[in-house]
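Peer 1: Have a look at this one before I ask anything.
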Amino acid sequence: MNIRAQVSSVFHLDKCIGCHTCSIACKNLWTDRKGVEYMWWNNVETKPGTGYPTKWEDQERYNGGWERSGSQLKLKLGGRAGLIGKIFHNPSLPTMDDYYEPFTYRYGDLTSAPAGDDQPTARAVSMVSGKPMKIEAGPNWDDDLSGSNIYAANDPGVVQLSAEEQQQLFAIEKMVFFHLPRICNHCLNAGCVASCPSGAIYKRGEDGIVLINQDKCRGWRMCVSACPYKKTYYGWASGKSEKCILCYPRQEAGEAPGCFHSCVGRIRFLGVLLYDADRIESVALQDDQNLVAAQREIILDPFDPQVILGAKRSGVPEQILKAAQKSPVYKFVKEWGIALPLHPEFRTLPMLFYVPPLLPVLSMDNQGKQKLADDFFTSLEQARLPMQYLAGLFAGGNAEEVKSVYRKLIAVRLQRRHLSVGDLSADEAAKACTAAELSSEAVNAIYRMTALTRIKERIVVPPMLREQAIEAGMDPEQHKQEMGFGSRRPPKRRW
Amino acid sequence: MTRLAVNCFSLLTVGLLLFSAPALAQQGDPLRGEALFAGTVSFAQGGAPCLACHAIGGHDLGQAAGASYGPDLTALFTDYGEDGVAGILEDPAAFESMQAIFAEHPLSDQERADLSAFFASVAESEKTDIGVRLTGHVVLATMIFLVLIGALGWRRLQGVRKPLVEKARYGKGGIA
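Rendered as structure tokens:
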């Protein structure tokens, strides 16, 4: 056993209201510079929809993630020879139009226009060329109640549904959508790290945050196509690739990452998970159906004395273990089992988990009165989203995983309805608990964690122990004296 | 006993070679000269083959025979005569630009004779300009290369979003 700690997160999709505050917080913090205007390290997309960049989930087009070849894992982008063959011309990259052409408005025209008969307008101009442009796309262009027959209909997850299920998604008055906020998943088996020809990308040993070394990056952009989530981006002014850094500078100061801190719906949970690094490859080699269960399997119980002993032997510090015991993410993913990874079939073992959206119940006029605990799974039409669609997103096609989560979410909903509205009998609530295989206490704990907790409980930033990480490489006293001026780079004229 | 026999034999061989060499040198082999010129047979002392810098426009030496770092040598024999050619070959390093190449890698008598015979054999051929043909080949190769790259990268230029929009607008069941 080789136990490591990973700062991971859970996004509760039923709570996301799609306000994009997270995206704006991130933009203002990190990507408000020249050449990176189009980047959204954090973006929120509408599902069903094609997302950002367009159809990022379609790996036949973008060749991201891993695939099995025999008993081994291979980057879908190609092996070593394949990567070198594409090094000067990689056909799997998204074009600017697939992200969107960043734009602004000529606000100055509003105040400086000469007096005339017409109201002055602020025309849209491209942030790339500076010329007036017609805005045709944006990072969440599909945010149109998802009825669009361009963006929603071409969602790679929707395309593979049966005609009946598609109709269910887009039926008038029952039309359904939800928001999917995405950041870098800080994967255990990251495709970007494996693909980098310069060896510039690494996963921090102490907290598992995946970073691109800006001194080493040579801008080959293999990571851009190898990341199946399209969460590494090329900076056109710096000539280097960039990605979400999980706000490690904020975390080192004890603060929550920007997008977590600013989240209006309080959908975001953060905490340490312990996992067994020796079993990563065997998990990634599982069949699509079993990937979620296998990944849950290597996440370890921080209260188990065996695990604690093993973790100490692998060099995980005491303070991190304490943080792992307080981690809300452990509860969501392992204890309650209601959070699933996004697209586990890409085999990167993403460490950002989602509670799939149950969505508001329809009004009785539309749906007819039904006993939710009994009827919910008698037929797939009763669920607002087709199970197969959610299974494609969160479980590698294994609908049982999603159903198991749904039963638990329904149990929570019914118990609360019994307690606060009172129109459901205790029997009905108890029946839902039994179906979900959850105790009444666990249901209450889920409700409490989802609805009532304060930020320190939702977001448990571990002590980052920088002094220990620094000590491993250099004398801390020397580090204190020398750092603070940025990294040493040769001047243009050379040394 | 055996060692003595071997020694005697090698002495004899060396002697024979010494006597016979000048006789052979008189009559060079133009075919071997061509091979030396083109570099298919290398010089004993390791000098660079002539073809690396010089062309013989009138004689077909293949695609690579268009080198123009040095002057074309078709008319060498006509211009300098047998003695002149022999003089040049004896000390190619006399030319400043050839110094670095041949100062430490002189040609042997046999090689000189073979080359000389080769130059004599091509002296009559008509000097043609290889440049036009070569330019044609280079242009053709460049075009093939570009077409290949274009074919491989076509998908990259197409993008994903635009075709979706176009298909929905103008294809089946669009909203226009």
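First to last, the protein sequences are chains A and B.
Residue 1 is where the first sequence starts when you use my numbering, and the numbers rise one by one after that.
Residue 1001 is where the second sequence starts when you use my numbering, and the numbers rise one by one after that.
Don't be surprised by glycine CBs; every beta carbon is placed ideally from N, CA and C.
Computed from a predicted model, the values in this text were never measured in an experiment.
Between the Cα of His343/A and those of Leu73/A, Phe353/A, Glu335/A, Ala253/A, spot the shortest distance and give me the residue it belongs to.
Peer 2: In the first sequence, residue 343/A corresponds to position 343, counting from 1. Checked all of Leu73/A, Phe353/A, Glu335/A, Ala253/A; the closest Cα to His343/A is Phe353/A.
Peer 1: State the DSSP-derived secondary structure class of Leu13/A, mapped to helix, strand or coil.
Peer 2: Taking the first residue of the first sequence as position 1, residue 13/A is located at position 13. Three-state result, Leu13/A: coil.
Peer 1: Return helix, strand or coil for Tyr275/A, following the three-state DSSP convention.
Peer 2: In the first sequence, the residue the question calls residue 275/A occupies position 275. Reduced to three states, the DSSP call for Tyr275/A is strand.
Peer 1: Measure the C-alpha to C-alpha separation of Asp207/A and Tyr234/A and round it to an integer number of angstroms.
Peer 2: For the purposes of this step, residue 207/A is taken as the residue at position 207 of the first sequence. For the purposes of this step, residue 234/A is taken as the residue at position 234 of the first sequence. Each residue's Cα considered, the two are about 24 Å apart.
Peer 1: Buried or exposed for Ala1021/B, please, with buried defined as at least 16 other CB atoms from any protein chain shown within 10 angstroms of its CB.
Peer 2: Residue 1021/B sits at position 21 when you count from the first residue of the second sequence. A caution first: Ala1021/B carries a pLDDT of 45, below 50, which makes its placement in the model too unreliable to give a value.
Peer 1: Would you say Ala1134/B reaches chain A, if we count a Cβ-Cβ gap shorter than 9 Å as a contact?
Peer 2: For the purposes of this step, residue 1134/B is identified with residue 134 of the second sequence, where counting begins at 1. Checking the displayed sequence, the identity of residue 1134/B turns out to be Leu instead of Ala. Not one chain A Cβ lies under 9 Å of Leu1134/B.
Peer 1: Under 9 Å between C-beta atoms, does Leu161/A make it to chain B?
Peer 2: The sequence position of residue 161/A within the first sequence is 161, counting from 1. Judged by the 9 Å Cβ criterion, Leu161/A is not in contact with chain B.
Peer 1: Reducing DSSP to helix, strand and coil, say where Pro1022/B ends up.
Peer 2: To locate residue 1022/B, count along the second sequence from 1; it is residue 22. Reliability fails at Pro1022/B, whose pLDDT of 45 lies under 50, so the model's placement of it is uncertain and no value is given.
Peer 1: Threshold first: 3 residues or longer. Then list the beta strand (DSSP E) segments lying entirely within the stretch 260-335 of chain A, N to C.
Peer 2: Here the runs fully enclosed are 268-276.
Peer 1: Quick check for students: name the residue ranges of the alpha helix (DSSP H) that lie wholly in the stretch 82-167 of chain A, counting only runs of 4 or more.
Peer 2: Runs of the alpha helix (DSSP H) inside the stretch 82-167 of chain A: 96-99, 108-112, 156-159.
Peer 1: Using the C-alpha atoms, what's the distance from Val333/A back to Tyr52/A?
Peer 2: Here residue 52/A refers to the residue found at position 52 when the first sequence is read from its first residue. Here residue 333/A refers to the residue found at position 333 when the first sequence is read from its first residue. Taking the straight line from one Cα to the other gives about 26 Å.
Peer 1: Out of Ser23/A, Pro305/A, Arg384/A, which has the shortest C-alpha to C-alpha gap to Gln168/A?
Peer 2: Counting from one through the first sequence, the residue named residue 168/A turns up at place 168. If we check each option's Cα against that of Gln168/A, Arg384/A comes out closest.
Peer 1: Below 7 Å CB to CB, which residues in the same chain sit around Arg204/A once its five sequence neighbours on both sides are set aside?
Peer 2: For the purposes of this step, residue 204/A is taken as the residue at position 204 of the first sequence. Closer than 7 Å at the Cβ level, and outside the excluded window around Arg204/A, lie Leu211.
Peer 1: Does the separation of the CB atoms of Pro156/A and Glu57/A fall below 9 Å?
Peer 2: Sequence index remark: in the first sequence, residue 156/A carries index 156 (1-based). Sequence index remark: in the first sequence, residue 57/A carries index 57 (1-based). Contact: yes.
Peer 1: Just to make sure I have the definition right: I need the residues of chain B whose C-beta is within less than 8 Å of the C-beta of Pro102/A. Which are they?
Peer 2: In the first sequence, residue 102/A corresponds to position 102, counting from 1. Near Pro102/A there are no residues of chain B at all, since even the closest Cβ is about 15 Å away, more than 8 Å.
Peer 1: Starting from Asn28/A, follow the alpha helix (DSSP H) in both directions and report where the run begins and ends.
Peer 2: On the first sequence, residue 28/A is found 28 positions in, with the first residue counted as 1. 21-30 is the span of the alpha helix (DSSP H), which, as asked, contains Asn28/A.
Peer 1: Please go through the same chain and pick out, in chain order, the residues whose beta-carbon is closer than 6 Å to the beta-carbon of Gly258/A, but skip the five residues on each side of it.
Peer 2: What you label residue 258/A is simply residue 258 of the first sequence in a count that begins at 1. Here the set comprises Ala25, Cys26, Leu29, Cys247.
Peer 1: Which runs of the alpha helix (DSSP H) spanning at least 4 residues fall entirely within the stretch 33-89 of chain A, listed in chain order?
Peer 2: Entirely contained in the stretch 33-89 of chain A, the alpha helix (DSSP H) runs reaching 4 residues are, in chain order, 59-62, 80-85.
Peer 1: Compare the C-beta of Glu136/A against all C-beta atoms of chain B and say whether one is closer than 9 Å.
Peer 2: If you number the first sequence from 1, residue 136/A lands on position 136. Taking Cβ atoms only, chain B reaches closer than 9 Å to Glu136/A, which makes this a yes.
Peer 1: Among Gly396/A, Gln160/A, Arg4/A, Cys16/A, which one has its Cα closest to the Cα of Gly265/A?
Peer 2: Mapped onto the first sequence, residue 265/A falls at position 265. Among Gly396/A, Gln160/A, Arg4/A, Cys16/A, the Cα nearest to that of Gly265/A is on Cys16/A.
Peer 1: Return the Cβ separation of Ile308/A and Arg279/A in integer angstroms, given the expectation that the two are a contact with Cβ distance under 8 Å.
Peer 2: Reading the first sequence from its first residue, position 308 is the one you call residue 308/A. Reading the first sequence from its first residue, position 279 is the one you call residue 279/A. So it is not a contact: roughly 18 Å between Cβ atoms.
Peer 1: Of the residues Tyr447/A, Val125/A, Glu37/A, which one's Cα is nearest the Cα of Tyr99/A?
Peer 2: In the first sequence, counting from the first residue as 1, residue 99/A sits at position 99. Per the Cα distances, Glu37/A.
Peer 1: Would the beta-carbon of Cys22/A fall within 9 Å of that of Cys263/A?
Peer 2: Stepping through the first sequence from its first residue, residue 22/A is reached at position 22. Stepping through the first sequence from its first residue, residue 263/A is reached at position 263. Contact: yes.
Peer 1: Using CA coordinates, which residue listed in Glu1096/B, Gly1070/B, His1059/B is at the minimum distance from Ala1052/B?
Peer 2: Stepping through the second sequence from its first residue, residue 1052/B is reached at position 52. Ranking Glu1096/B, Gly1070/B, His1059/B by Cα distance to Ala1052/B puts Gly1070/B first.
Peer 1: Bridge partners for Gly199/A per DSSP, in chain order?
Peer 2: Within the first sequence, residue 199/A is the residue found at index 199, counting from 1. The partner list for Gly199/A (beta bridge, DSSP) is empty, contrary to what the question assumes.
Peer 1: Rounded to whole angstroms, how far is the Cβ of Leu359/A from the Cβ of Phe178/A, which I believe are closer than 8 Å?
Peer 2: Taking the first residue of the first sequence as 1, we reach residue 359/A at position 359. Taking the first residue of the first sequence as 1, we reach residue 178/A at position 178. With a Cβ gap of about 6 Å, Leu359/A and Phe178/A count as contacting.
Peer 1: On the DSSP letters alone, give me the boundaries of the beta strand (DSSP E) that Leu211/A sits inside.
Peer 2: Taking the first residue of the first sequence as 1, we reach residue 211/A at position 211. Its beta strand (DSSP E) spans residues 210-212.
Peer 1: 9 Å is my cut-off, CB to CB: does Gly143/A come that close to chain B?
Peer 2: Mapped onto the first sequence, residue 143/A falls at position 143. Note that residue 143/A is Asp in the sequence shown here, rather than Gly. Closer than 9 Å: no.
Peer 1: Over the uninterrupted beta strand (DSSP E) stretch that includes Arg496/A, give me the two end residues.
Peer 2: The first residue shown for chain A is 1 and the last is 495, placing residue 496/A beyond what the model contains.
Peer 1: Assign Val412/A to one of three DSSP states: helix, strand, or coil.
Peer 2: Within the first sequence, residue 412/A is the residue found at index 412, counting from 1. Val412/A: helix per DSSP, three-state reduction.
Peer 1: Mind reading off the beta-carbon distance from Ala435/A to Arg407/A? Whole number of angstroms is fine, and I expect it under 8 Å.
Peer 2: To locate residue 435/A, count along the first sequence from 1; it is residue 435. To locate residue 407/A, count along the first sequence from 1; it is residue 407. Right, their Cβ atoms sit about 5 Å apart.
Peer 1: Using the beta-carbon of each residue, which ones in chain B are nearer than 9 Å to Asp97/A?
Peer 2: As a first step, residue 97/A must be located in the first sequence, where it is residue number 97. Result: Gly1159, Val1160, Arg1161, Lys1162.
Peer 1: Does the stretch 463-477 of chain A come within contact of the stretch 213-226 of chain A, defined as at least 3 CB pairs closer than 8 Å?
Peer 2: The stretch 463-477 of chain A vs the stretch 213-226 of chain A: no contact.
Peer 1: Is DSSP giving Leu385/A helix, strand or coil here?
Peer 2: As a position in the first sequence, residue 385/A is number 385, starting the count at 1. Residue state, collapsed to three classes: coil.
Peer 1: When burial is assigned at 16 or more other CB atoms within 10 Å of the CB, is Tyr330/A buried or exposed?
Peer 2: Position 330 of the first sequence, counted from the start, is the residue given in the question as residue 330/A. The residue is buried, with at least 16 neighbouring Cβ atoms inside 10 Å.
Peer 1: With DSSP as the reference, label Val1138/B as helix, strand or coil.
Peer 2: Working through the second sequence from its first residue, we reach residue 1138/B at position 138. Val1138/B: helix per DSSP, three-state reduction.
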